[in-house]
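When we follow this note's numbering, the leftmost residue of the sequence shown carries the number 214, and every step to the right adds one. Every residue, glycine too, gets a C-beta built ideally from N, C-alpha and C. Here the structure is laid out as structure tokens; the discussion comes afterwards.
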Amino acid sequence: MNSYDEEAISKFRLSGKILRETREKMRRFVREGMRIIDICEKAENLIREKGGEPAFPCNVSINEVAAHYTSPPEDEKRIPEKSVVKVDMGVHVDGYVTDTAVTICFNPEYRSLVKTAEQALEAAINIIHPGISTAKIGSTIEKTIKSRGFKPISNLTGHQVGRYLVHAGTSIPNVSHMSFFSKVKLGGMYAIEPFVTLPDAVGKVKNGEEVMIFRFFKSRSLKNLNAKQLLKCIEKNFRTLPFAERWLQNVLPKEHYPEAFQELLSSKALVGYPVFIEASGKTVAQAEHTIMIVEDGCAVLT
Ligand code: MN
Ligand code: MN
Numbered sequence: 214m215n216s217y218d219e220e221a222i223s224k225f226r227l228s229g230k231i232l233r234e235t236r237e238k239m240r241r242f243v244r245e246g247m248r249i250i251d252i253c254e255k256a257e258n259l260i261r262e263k264g265g266e267p268a269f270p271c272n273v274s275i276n277e278v279a280a281h282y283t284s285p286p287e288d289e290k291r292i293p294e295k296s297v298v299k300v301d302m303g304v305h306v307d308g309y310v311t312d313t314a315v316t317i318c319f320n321p322e323y324r325s326l327v328k329t330a331e332q333a334l335e336a337a338i339n340i341i342h343p344g345i346s347t348a349k350i351g352s353t354i355e356k357t358i359k360s361r362g363f364k365p366i367s368n369l370t371g372h373q374v375g376r377y378l379v380h381a382g383t384s385i386p387n388v389s390h391m392s393f394f395s396k397v398k399l400g401g402m403y404a405i406e407p408f409v410t411l412p413d414a415v416g417k418v419k420n421g422e423e424v425m426i427f428r429f430f431k432s433r434s435l436k437n438l439n440a441k442q443l444l445k446c447i448e449k450n451f452r453t454l455p456f457a458e459r460w461l462q463n464v465l466p467k468e469h470y471p472e473a474f475q476e477l478l479s480s481k482a483l484v485g486y487p488v489f490i491e492a493s494g495k496t497v498a499q500a501e502h503t504i505m506i507v508e509d510g511c512a513v514l515t
């Protein structure tokens, strides 16, 4: 699982390069008042133009929304003034997944919050080496965040990535107290992603009402022919990776789409990922890189 051959490693590296270039373009592209759907599509199209595929829909999560918002079809929502915007993107090249995020800050009040997420990520990267425990990484992230007067989100974690897998096994906590003891392995690929909020926040996320990102769960025998056709397309294209409704627009005539999609959800052929919202409604910042564990430390792929 962790011993990728040279070809696989070069595909991970290409995946990371495409994602790094996309992230840096997006950092400069996003503006207050912009339509969120234009941001999602811009990122996803850049990834495709550069020869990758989106590993999951581009997430654009604003203020107290920590993660998992992507635009539904014909989304009218815009980037609010003075907001804190997390853009979280993934690429795969022949299945080899990398994952990165940037927080874009339109409110000077939150500049140090955003900086803290970046510094926590940097601190983690500086200490990671083969065999380090995930608890040690979590405590380094937590200490960095607390030393700057902020709070980590304790129930969101980084994760191992793999082939056609965004969450592949090991989790990387953002706090020291974790029940599982595990170590990062030489040759392993991991996404490290501190989430930071204000000191008076609860410091946890809860599920919101909205569900905009989905994943195939199980084949089901369905009576509704439209639902059947939609599921066939999903199984073919997104067997293990998350997708958005925007990516399925030409499969069925528009008028049949809502009922078919609803059927797939109620039959549990699909699972949804609800948006994550900071439990006390406080603003959240995030930074994320995908790294490869090498002999003397780690190499940042993104
Ligand atoms: Mn991510
Ligand atoms: Mn991630």
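For residue i, the three-state DSSP class (helix, strand or coil)
{"i": "Val304", "result": "strand"}
{"i": "Pro285", "result": "coil"}
{"i": "Thr313", "result": "strand"}
{"i": "Met214", "result": "Confidence in Met214 is poor, its pLDDT being 49 and thus under 50, which makes the residue's placement unreliable; the coordinate value appears in the next sentence. Looking at Met214 - three-state DSSP - the assignment turns out to be coil, as it is neither helix nor strand."}
{"i": "Gly351", "result": "helix"}
{"i": "Arg459", "result": "helix"}
{"i": "Ile292", "result": "coil"}
{"i": "Ala500", "result": "coil"}
{"i": "Pro343", "result": "coil"}
{"i": "Glu472", "result": "helix"}
{"i": "Lys396", "result": "strand"}
{"i": "Ala512", "result": "strand"}
heavy atom of ligand 1 below 6 angstroms from residue i C-beta
{"i": "Glu501", "result": "yes"}
{"i": "Ala314", "result": "yes"}
{"i": "Asp288", "result": "no"}
{"i": "Asp251", "result": "no"}
{"i": "Asp307", "result": "no"}
{"i": "Asp218", "result": "no"}
{"i": "Asp301", "result": "yes"}
N-terminal and C-terminal residue of the beta strand (DSSP E) that residue i is part of
{"i": "Ala404", "result": "402-405"}
{"i": "Leu483", "result": "483-491"}
{"i": "Asn272", "result": "266-275"}
{"i": "Glu423", "result": "418-429"}
{"i": "His372", "result": "371-373"}
{"i": "Ala279", "result": "278-280"}
Contact under 7 angstroms by Cβ, residue i with residue j
{"i": "Gly351", "j": "Asn320", "result": "no"}
{"i": "Ser284", "j": "Ile250", "result": "yes"}
{"i": "Val327", "j": "Phe363", "result": "no"}
{"i": "Thr496", "j": "Tyr377", "result": "no"}
{"i": "Ile523", "j": "Gly416", "result": "The shown model of the chain, from 214 to 515, leaves out residue 523, and the question about it has no answer."}
{"i": "Val484", "j": "Gly421", "result": "no"}
{"i": "Ala314", "j": "Lys290", "result": "no"}
{"i": "Ala268", "j": "Leu454", "result": "yes"}
{"i": "Arg428", "j": "Ser480", "result": "no"}
{"i": "Val310", "j": "Val374", "result": "yes"}
{"i": "Gly229", "j": "Thr515", "result": "yes"}
{"i": "Ile260", "j": "Val273", "result": "no"}
{"i": "Val499", "j": "Ala333", "result": "In the sequence under discussion, the amino acid at residue 499 is Gln, which differs from the Val named in the question. Against a cut-off of 7 angstroms, the Cβ pair of Ala333 and Gln499 comes out as no contact."}
{"i": "Val304", "j": "Gly344", "result": "no"}
{"i": "Ile426", "j": "Tyr486", "result": "yes"}
{"i": "His405", "j": "Ala337", "result": "The amino acid occupying residue 405 in the given sequence is Ile; His does not appear at that position. Yes. Within cutoff."}
{"i": "Leu199", "j": "Ala482", "result": "Residue 199 is absent from the structure shown; the chain starts at 214 and stops at 515."}
{"i": "Ser389", "j": "Glu335", "result": "no"}
{"i": "Ala189", "j": "Ala473", "result": "Residue 189 lies beyond the stretch modelled for the chain, which goes from 214 to 515, so this question has no answer here."}
{"i": "Ile506", "j": "Gly401", "result": "yes"}
{"i": "Ala256", "j": "Met302", "result": "yes"}
Residue i: CB within 6 angstroms of a non-hydrogen atom of ligand 2
{"i": "Glu331", "result": "no"}
{"i": "Ala512", "result": "no"}
{"i": "Ala440", "result": "no"}
{"i": "Ala404", "result": "yes"}
Delimiting residues of the alpha helix (DSSP H) encompassing residue i
{"i": "Asp251", "result": "249-262"}
{"i": "Thr235", "result": "219-242"}
{"i": "Lys445", "result": "438-450"}
{"i": "Ser389", "result": "Looking at the DSSP string, Ser389 is not in any alpha helix (DSSP H), and its letter there is neither H nor E."}
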